[in-house]
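Visitor: Just so we're aligned: the sequence shown equals residues 0 to 75 in numbering that gives the first Met the number 0.
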Amino acid sequence: MLFGDRGPMKTIIDREKMILLKTCAACDRPFNLGDPVVMACGAWEGPPKLIHENEAVFDPASGTYIERKCYSARNR
């Protein structure tokens with residue numbers, strides 16, 4: 000899944016994404032233009048969502064990003 004030139008599952012927030020997404024599913028902070036984001040799984044129901052990159056951890060076992068809180072709970 001390629002979103003931009005930053006690699007798979009990574010992109011930055013542009014005007015269109017900012018209007019559509021409004022807030023981060025992981026931290027409830029609003030997105031700003033140029034914020035680095037990743038497609039990640041988390042504690043929410045449904046498919047992976049775009050969240051701030053600093054709120055996600057890359058899991059090498061699955062090859063995907065996981066919300067930081069969900070990842071720490073999973074690995075206790």
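Ideal Cβ positions, reconstructed from N, Cα and C, are used throughout, including at glycine.
In this text, all values refer to a predicted model and were calculated from it rather than measured experimentally.
Cβ atoms of M17 and V37: under 8 Å apart, would you say?
Guide: In this structure, M17 does not lie closer than 8 Å to V37 by Cβ.
Visitor: Ordered along the chain, which non-local residues of its own chain (more than five positions away) have a Cβ less than 8 Å from that of M0?
Guide: Low local confidence applies: a pLDDT of 47 at M0 is under 50, so the model's placement there is unreliable, and no value is given.
Visitor: Out of G33, C69, R75, state which residue places its alpha-carbon closest to the alpha-carbon of P47.
Guide: Considering only alpha carbons, the answer is C69.
Visitor: In the DSSP output, what is M38 paired with across the bridge?
Guide: In the DSSP output, where bridge partners are listed per residue, M38 has L49.
Visitor: By Cβ distance, which residues of its chain are closer than 6 Å to N53, with the 5 residues on each side in sequence left out?
Guide: Within the same chain, N53 has no close Cβ partners at all.
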